[in-house]
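Number of protein chains: 2
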Amino acid sequence: MVDRPGGRPRVAVVGTGLIGGSILLRLHEAYPDVTGWDPDPATRAEGRARGVRVPDDLAEAVGDRDVVFLAGPLPSLPETLLTVAAHTGDRCVVTDVGSTKAGIAGFAAEHGLTGRFVPGHPMAGTERSGLTAAVPTLFDGAAWVLCPASEGIVAFRTLVGLLVDVFAARVVPMDPAVHDSVVALSSHLPHVLAGSLAGAVADSPLRDAVLGLAAGSFRDGTRVAGTPAQRTADMLFQNRDEVLRQVERVRAALDELTAALDRGDLDALVARYRRARELRHALPDRVFHEHRRAFPTDGDHAAEVAYLRDLGAAGGHLTGCRAGADVVTYAGCRPPAEG
Amino acid sequence: MVDRPGGRPRVAVVGTGLIGGSILLRLHEAYPDVTGWDPDPATRAEGRARGVRVPDDLAEAVGDRDVVFLAGPLPSLPETLLTVAAHTGDRCVVTDVGSTKAGIAGFAAEHGLTGRFVPGHPMAGTERSGLTAAVPTLFDGAAWVLCPASEGIVAFRTLVGLLVDVFAARVVPMDPAVHDSVVALSSHLPHVLAGSLAGAVADSPLRDAVLGLAAGSFRDGTRVAGTPAQRTADMLFQNRDEVLRQVERVRAALDELTAALDRGDLDALVARYRRARELRHALPDRVFHEHRRAFPTDGDHAAEVAYLRDLGAAGGHLTGCRAGADVVTYAGCRPPAEG
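Quick note, the sequences are listed as chains F and Z, same order.
In terms of UniProt numbering, the first sequence has 36 at position 36, counting the first letter as 1, and numbering is strictly consecutive.
In terms of UniProt numbering, the second sequence has 133 at position 133, counting the first letter as 1, and numbering is strictly consecutive.
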């Protein structure tokens with residue numbers, strides 16, 4: 001999978017909180033040689049207590065690695081990328097796990113790192129934080145976005161194989177800008193709405209009585225408001241334009257519902273909820289057609305990248321990637337066209 | 001508990017879908033003599049298949065009962081109340097499980113039924129429906145609102161004892177109008193927001209890609225959009241004024257969040273999310289002081305009703321009620337005043 005004769009890839013994870021720590025713990029089960037690093041000495045000590053090699057020196061943690069995952073707070077990732085790039089060889093593949101992708105993709109391009117940096121985003125998480133909350137199963141079978149580009153296509157293929165092997169990930173290939181629009185709706189708006197509902201109740205004279213009657217719908221609808229505030233604020237800030245654009249669509253839907261209620265139009269309200277329910281039921285009921293697509297390993301990779309980005313935009317994902325001497329073959333799943 | 005020498009109360013449940021069916025199944029474990037009835041013959045047959053006595057005739061199901069629970073679609077409840085009242089004796093206690101309370105409370109008063117009808121609302125449910133989805137554990141330990149009034153205080157006391165004994169319910173005594181304001185925030189707004197988010201995605205060109213990346217935050221934030229559309233629309237309609245009032249508060253909180261994002265005010269955004277998080281963390285962390293309060297069984301019951309309504313408004317609940325010849329004693333739990 002990784003172009004290193006006879007051996008498993010040497011992997012490192014830099015930034016080992018909830019997300020990076022969970023990645024590290026799963027990698028450690030597959031590749032005991034994995035290394036970790038975190039700016040916090042106590043977190044490094046805890047990593048060692050969990051049996052992982054965690055040097056105090058970042059250069060030592062990443063120097064001989066084939067693949068490095070970057071985690072940690074979103075605003076820290078660009079600088080971490082530069083530091084890690086400076087301490088690793090040109091063939092070392094680097095990816096990140098930040099929740100927005102256009103910014104870091106542009107930053108990597110400006111610094112000439114597109115050939116070995118592949119923007120990434122695993123789609124799982126909890127409202128907790130820190131290595132103590134990390135579990136090796138957090139990303140099992142999760143959707144994991146990777147952003148392919150012609151220049152870094154070899155690094156992309158390497159990562160697809162690793163993520164499928166180690167995490168059984170459904171790798172979703174996406175253009176960075178499309179990713180940011182999609183996660184505004186799939187992840188950031190749920191945080192905005194949960195924050196609005198919990199905030200409104202916090203400010204209400206009915207607060208205590210609401211807590212007394214809160215059942216499943218309130219618990220679910222506010223769960224992600226329990227996420228550390230700085231983490232949520234950073235996430236929304238990094239995707240500000242798209243969040244503000246998509247919040248207008250949700251606000252329009254909210255206006256439609258409340259207008260129907262206000263004018264006493266029960267039929268319109270039922271019709272809107274039927275449409276919402278149909279969408280919600282499409283979530284667990286998704287079906288896919290499996291396929292295989294092969295591309296030459298050499299050339300300009302334009303067709304390969306176009307296939308990949310289209311697959312992700314259509315709601316599909318990769319379940320494998322096998323790169324031979326002349327041909328790379330992807331195994332993919334795609335929803336039916338009418339879906 | 002029920003004023004019937006030597007015997008368990010004879011209970012009936014009218015309307016045996018998800019909610020009524022779950023109540024019926026739990027009651028059947030405690031009181032094998034319980035009867036059920038539903039307007040749908042197939043549902044009646046299924047009730048019998050589950051071992052419950054379900055006559056085809058409503059009058060036969062309720063005629064000799066001490067307590068009757070009314071369930072079924074919200075708009076059907078007033079008429080069902082009149083029918084059941086006509087087929088039962090003056091000492092038969094009737095309660096309902098509808099999700100709004102001021103309307104049915106006023107209807108019962110108009111029809112002279114306040115002395116034996118106690119508006120109720122158990123705070124649990126799922127997005128599924130029908131007796132096939134019913135489970136006897138649905139309301140175990142749930143908050144269960146009952147609306148006490150001086151005229152029907154004996155019926156109220158009877159129901160508190162029954163709900164605590166059979167369902168281990170936390171009985172929340174509330175004024176009907178306060179209940180409707182509180183559930184607008186605790187239950188109806190989560191449905192409005194879930195419908196808005198799912199509706200916006202259903203209408204978006206990014207629909208398929210959003211479904212591909214939907215993780216926990218989207219699943220939780222849209223879960224109740226999977227509820228049958230008619231049921232959700234009825235629920236919102238029956239509480240229209242309060243939903244429209246409370247949606248303005250949530251909209252104001254949403255405006256505050258998006259304005260902070262728009263003007264690049266990270267500190268304000270973090271502060272808003274800290275407040276939302278504090279509220280969310282107060283949910284599982286709630287602590288209570290236990291207490292007992294005794295009232296004379298006779299008199300005008302004004303102090304008793306005032307104590308009860310105040311307890312619910314403060315986020316507290318009852319865990320027991322023992323009515324002797326001269327004194328009724330409530331066991332209650334109340335959050336600390338500073339909470």
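For each residue, glycine too, the CB sits at the ideal point set by N, CA and C.
Being a predicted model, the structure only gives us computed values, none of them experimental.
Grab me the residues of residue i's own chain with a C-beta within less than 7 Å of its C-beta, minus the 5 sequence neighbours each way, in chain order.
i, result
"residue 5 of chain F", "A caution first: residue 5 of chain F carries a pLDDT of 44, below 50, which makes its placement in the model too unreliable to give a value."
"residue 268 of chain F", "260"
"residue 105 of chain Z", "119, 147 and 176"
"residue 10 of chain F", "33, 64, 65 and 66"
List the DSSP bridge partners of residue i.
i, result
"residue 333 of chain F", "F:290 and F:317"
"residue 173 of chain Z", "Z:146"
"residue 322 of chain Z", "Z:329"
"residue 95 of chain Z", "Z:69 and Z:118"
"residue 35 of chain Z", "Z:12 and Z:53"
"residue 237 of chain Z", "Residue 237 of chain Z pairs with nothing; no bridge assigned."
"residue 190 of chain F", "Paired residues: none, contrary to the question."
"residue 296 of chain Z", "Z:327"
Please report the straight-line C-alpha distance between residue i and residue j, rounded to a whole angstrom.
i, j, result
"residue 153 of chain F", "residue 70 of chain F", "19 Å"
"residue 279 of chain Z", "residue 273 of chain Z", "10 Å"
"residue 187 of chain F", "residue 243 of chain F", "10 Å"
"residue 245 of chain Z", "residue 276 of chain Z", "20 Å"
"residue 332 of chain Z", "residue 317 of chain Z", "6 Å"
"residue 184 of chain Z", "residue 251 of chain Z", "14 Å"
"residue 304 of chain Z", "residue 220 of chain F", "35 Å"
"residue 138 of chain Z", "residue 67 of chain Z", "20 Å"
"residue 178 of chain Z", "residue 310 of chain Z", "10 Å"
"residue 336 of chain Z", "residue 143 of chain Z", "18 Å"
"residue 1 of chain F", "residue 157 of chain F", "Low local confidence applies: a pLDDT of 42 at residue 1 of chain F is under 50, so the model's placement there is unreliable, with the coordinate-based value given in what follows. Going by the C-alpha atoms only, they are around 8 Å apart."
"residue 120 of chain Z", "residue 26 of chain Z", "17 Å"
"residue 23 of chain F", "residue 292 of chain F", "28 Å"
"residue 42 of chain F", "residue 72 of chain F", "15 Å"
"residue 205 of chain F", "residue 223 of chain F", "21 Å"
"residue 327 of chain Z", "residue 302 of chain Z", "15 Å"
"residue 350 of chain F", "residue 216 of chain Z", "For residue 350 of chain F there is no data in the structure shown, the boundaries of chain F being 1 and 339."
"residue 40 of chain Z", "residue 236 of chain Z", "25 Å"
"residue 295 of chain Z", "residue 201 of chain F", "33 Å"
"residue 322 of chain F", "residue 176 of chain F", "24 Å"
"residue 339 of chain F", "residue 195 of chain Z", "Low confidence applies here, because residue 339 of chain F scores a pLDDT of 42, under 50, leaving its location unreliable; read the following figure in that light. So the alpha carbons of these two residues sit roughly 20 Å apart."
"residue 169 of chain Z", "residue 60 of chain F", "59 Å"
"residue 271 of chain Z", "residue 258 of chain Z", "13 Å"
"residue 167 of chain Z", "residue 161 of chain F", "52 Å"
"residue 77 of chain F", "residue 64 of chain F", "21 Å"
"residue 329 of chain F", "residue 136 of chain Z", "52 Å"
"residue 94 of chain Z", "residue 307 of chain Z", "23 Å"
"residue 45 of chain F", "residue 83 of chain F", "22 Å"
Please go through the same chain and pick out, in chain order, the residues whose beta-carbon is closer than 6 Å to the beta-carbon of residue i, but skip the five residues on each side of it.
i, result
"residue 53 of chain F", "35"
"residue 123 of chain F", "142 and 143"
"residue 163 of chain F", "144, 169 and 171"
"residue 3 of chain Z", "Because residue 3 of chain Z carries a pLDDT of 45, less than 50, the predicted location of this residue cannot be relied on, and no value is offered for it."
"residue 112 of chain Z", "none"
"residue 30 of chain Z", "166"
"residue 55 of chain Z", "61"
Do the CB positions of residue i and residue j come within less than 8 Å of each other?
i, j, result
"residue 103 of chain Z", "residue 238 of chain Z", "yes"
"residue 212 of chain Z", "residue 172 of chain F", "yes"
"residue 198 of chain Z", "residue 233 of chain Z", "no"
"residue 131 of chain Z", "residue 51 of chain Z", "no"
"residue 228 of chain F", "residue 99 of chain F", "no"
"residue 174 of chain Z", "residue 315 of chain Z", "no"
Going by DSSP, what residue range makes up the beta strand (DSSP E) through residue i?
i, result
"residue 55 of chain F", "Residue 55 of chain F -> no beta strand (DSSP E), and no H or E assigned at all."
"residue 12 of chain Z", "11-14"
By Cβ distance below 8 Å, which residues in the same chain neighbour residue i in space, the five residues on each side in sequence not counted?
i, result
"residue 151 of chain Z", "114 and 115"
"residue 190 of chain F", "224"
"residue 193 of chain F", "221 and 250"
"residue 207 of chain Z", "201"
Assuming residue i is part of the alpha helix (DSSP H), what are its boundary residues?
i, result
"residue 121 of chain F", "Here residue 121 of chain F belongs to no alpha helix (DSSP H); instead the beta strand (DSSP E) covers 120-122."
"residue 107 of chain F", "102-110"
"residue 167 of chain F", "153-167"
"residue 22 of chain F", "18-30"
"residue 281 of chain F", "266-282"
"residue 218 of chain Z", "216-222"
"residue 343 of chain Z", "The displayed coordinates of chain Z run from 1 to 339. Any statement about residue 343 of chain Z would go beyond what the structure contains."
"residue 210 of chain Z", "207-213"
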